[in-house]
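Novice:
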Amino acid sequence: MNTEIPSFNGLGIAPKLMEIIDKLGFKSPTPIQKQSIPAAISGKDLIGIAQTGTGKTLAFGIPMLQRLAITKAKGLVLVPTRELAVQVNESLKVLGRSLGLKTAVIIGGESMFRQLSALKQDPHIIIATPGRLIDILSEKRVNLSKVGVLVLDEADRMLDMGFAPQLKKIVPHLPKARQTMLFSATMDDAITGIASSFLQLPVRIEVAPAGTTADQVTQEIYIVNKDGKTELLKKILQEYKGSTLIFCRTKYGAKKIAEVVRRTGHTSSEIHSNRSLNQRLEALQGFKIGKYRVLVATDIAARGIDVTNIELVINYDLPEQASDYVHRIGRTARAGKAGHAISFATTDQQSDIRAIERLIKQTLKVKKFSGSGAASANAGSMQTFTPRGGQRGMENAVIERSFRPAFKPRGRGNSRGASGGAGRKPFNRFRPKPFKGRHRPPADRAFTF
555 MNTEIPSFNG LGIAPKLMEI IDKLGFKSPT PIQKQSIPAA ISGKDLIGIA QTGTGKTLAF
615 GIPMLQRLAI TKAKGLVLVP TRELAVQVNE SLKVLGRSLG LKTAVIIGGE SMFRQLSALK
675 QDPHIIIATP GRLIDILSEK RVNLSKVGVL VLDEADRMLD MGFAPQLKKI VPHLPKARQT
735 MLFSATMDDA ITGIASSFLQ LPVRIEVAPA GTTADQVTQE IYIVNKDGKT ELLKKILQEY
795 KGSTLIFCRT KYGAKKIAEV VRRTGHTSSE IHSNRSLNQR LEALQGFKIG KYRVLVATDI
855 AARGIDVTNI ELVINYDLPE QASDYVHRIG RTARAGKAGH AISFATTDQQ SDIRAIERLI
915 KQTLKVKKFS GSGAASANAG SMQTFTPRGG QRGMENAVIE RSFRPAFKPR GRGNSRGASG
975 GAGRKPFNRF RPKPFKGRHR PPADRAFTF
């Protein structure tokens, strides 16, 4: 049996870049890095399918830096969130510094003047969110005609966030003769459509089938009434003492849960759209160094989380899309470590759980929480689960293939139609109309990039 440890040697990486990689302490490539780097260095377009936390930044960063150092072209990395842009920039800046390659971050919520000043420095790589880059392009303040490498990082999330129109506006500003790399955790019809539009004869690299979860993650679901979620959360935080990431659907829910966690006596912080970028970065850094034991986040804000020692992920609210479940629990069990994921579900979320099971191709372990806010259900075979603290109140309902014993059938009498009732205006009626020219920097020349 071959037990040889993988190495960055033999992947086609230039000696100078190999020295930098060695100095930074990267000894062994991850599967996505090992397969992507040689193909990308050869100049081929590439689709990389891998879960979060698998080292995708280096998978595209190393080939891009090497190509730019040789060809003197420019690079453009598009990401869905500000936090992810900052994270990618940190990695590329460290790698590119010794090669004389500079980066610039173009993101919303930050000073346009500073970002235009950064563009004046003629950076080799721009890391941007689509919305802010469109703002600058509409003002004709940047020229992307010299971009030789385009990277779409977490493309599935960009499409989920509605950035497809922005991507279609940005790409025509780029040369047709370029290399394009697309990375995603899933591969659905939307991603396939984007890939067929933006990439030419791409090499597809899939280190794990789309929708799969890390082998080191143990998963379970608790059936609980909404009123019992807080009590269950407190019990779990008493049992598990390690670093914990809690997901909520809304920013208001995230703020509320963070306050509950603090009142319980645990150090915590939160990241959501109501917090400034500096506040979010401080929360992330505090979580990384152990200042905060618990971090509460919404799905969008959590895309920039890159922490290797998260022991527990709690889905306080089930995600709206099954694919988000994979993204969420992918925050634990990183770098070969073990992790645990616990999800809270109400009795009327049977279809949501089945959708998750179909995606991950696993039957999840379901338990019923019996507390003051317990779910009312006639579960089948029940047995008591006693936490290490000696407190009772969690009961296991082992369900092999069907969730029917643990779920209360949903009534149909009070359901409303899609219109939400007679005489009501559709939700879209109240959406604010898009507007242009949000940022009007002083007149200046356009920057050729």
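In this note's numbering, the protein residues as written are 555 to 1003.
Note that beta-carbon positions come from the ideal geometry of N, C-alpha and C, so glycine has one too.
Within its chain, find whatever has a CB closer than 7 Å to the CB of Pro-677; leave out the 5 residues flanking it on each side and keep chain order.
Specialist: So the list reads Lys-656, Thr-657 and Ala-658, once near-sequence residues are dropped.
Novice: Would you kindly work out how many angstroms separate the C-alpha atoms of Asp-781 and Arg-621, rounded to a whole number?
Specialist: Each residue's Cα considered, the two are about 55 Å apart.
Novice: Can you tell which of Gly-702, Thr-584 and Pro-634 has the C-alpha that lies nearest to the C-alpha of Leu-713?
Specialist: Ranking the options by Cα distance to Leu-713, first place goes to Pro-634.
Novice: Chain D beta carbons: is any one of them nearer than 7 Å to that of Gln-903?
Specialist: In the structure shown, chain D cannot be found, because there is only a single protein chain.
Novice: Using the Cα positions of Glu-573 and Asn-863, report the straight-line distance between them to the nearest angstrom.
Specialist: If I take the Cα positions, the gap works out to 27 Å.
Novice: Give a yes or no on whether the C-beta atoms belonging to Lys-805 and Ser-822 are separated by under 7 Å.
Specialist: Cβ atoms of Lys-805 and Ser-822: not closer than 7 Å.
Novice: Could you tell me which of Ala-593, Leu-755, Val-867 and Gln-669 sits nearest to Ser-541, measuring between CA atoms?
Specialist: Missing from the structure shown is residue 541; the chain here goes from 555 to 1003 and no further.
Novice: So who's on the other strand from Tyr-776, going by DSSP bridges?
Specialist: Bridge partners of Tyr-776: Phe-898 and Lys-921.
Novice: So what's Ser-590 in DSSP terms, helix, strand or just coil?
Specialist: Looking at Ser-590 - three-state DSSP - the assignment turns out to be helix.
Novice: Distance check for Leu-831 and Phe-737, CA to CA, integer angstroms please.
Specialist: Rounded to whole angstroms, Phe-737 to Leu-831 spans 24 Å at the Cα level.
Novice: Using the Cβ count rule (16 or more neighbours within 10 Å means buried), how would you classify Asp-878?
Specialist: By the 10 Å Cβ count, Asp-878 comes out buried.
Novice: State the DSSP-derived secondary structure class of Phe-737, mapped to helix, strand or coil.
Specialist: Residue state, collapsed to three classes: strand.
Novice: Nearest to Lys-628 by CA position, among Arg-816, Leu-600, Thr-608 and Gly-702, is which residue?
Specialist: The residue with the shortest Cα to Cα distance from Lys-628 is Gly-702.
Novice: What is the C-beta distance between Phe-580 and Val-705, in whole angstroms, given that I count them as a contact (C-beta under 8 Å)?
Specialist: The Cβ separation is near 19 Å, so there is no contact.
Novice: Measuring CB to CB, does Leu-600 end up less than 7 Å from Val-757?
Specialist: Taking 7 Å as the Cβ cut-off, Leu-600 and Val-757 qualify as a contacting pair.
Novice: Taking 7 Å as the threshold (C-beta atoms), are Ile-800 and Tyr-846 in contact?
Specialist: Their beta carbons are not under 7 Å apart, which means Tyr-846 does not touch Ile-800 by this criterion.
Novice: Buried or exposed, going by whether 16 or more other CB atoms sit within 10 Å of the CB of Arg-970?
Specialist: The predicted model places Arg-970 with a pLDDT of 44, which falls under 50 and marks its position as unreliable; any figure quoted below should be read in that light. Under this definition Arg-970 is an exposed residue.
Novice: Quick check on this structure: which residue in Gly-602, Cys-802 and Glu-824 has the alpha carbon closest to the alpha carbon of Gly-1010?
Specialist: Any answer about residue 1010 is impossible in this case: the structure gives the chain only from 555 up to 1003.
Novice: Going by the C-beta, is Asp-906 closer than 6 Å to any heavy atom of the ligand MG?
Specialist: No copy of the ligand MG occurs in the structure displayed, which carries no ligand at all.
Novice: Please return the same chain residues whose Cβ sits closer than 6 Å to the Cβ of Asp-906, not counting the five positions on each side in sequence.
Specialist: Excluding sequence neighbours, Asp-906 sits near Leu-872.
Novice: Quick one: any contact between the segment 632-650 and the segment 677-686, if contact means 3 or more CB pairs under 8 Å?
Specialist: The segment 632-650, when compared against the segment 677-686, does touch it at the 8 Å Cβ threshold.
Novice: Going by the DSSP bridge assignment, what does Glu-760 pair with across the sheet?
Specialist: Glu-760 pairs with Ile-603.
Novice: Could you work out which residue in Val-848, Ala-899 and Gly-663 is closest to Ile-777 when comparing CA atoms only?
Specialist: Of the candidates Val-848, Ala-899 and Gly-663, the one whose C-alpha sits nearest the C-alpha of Ile-777 is Ala-899.
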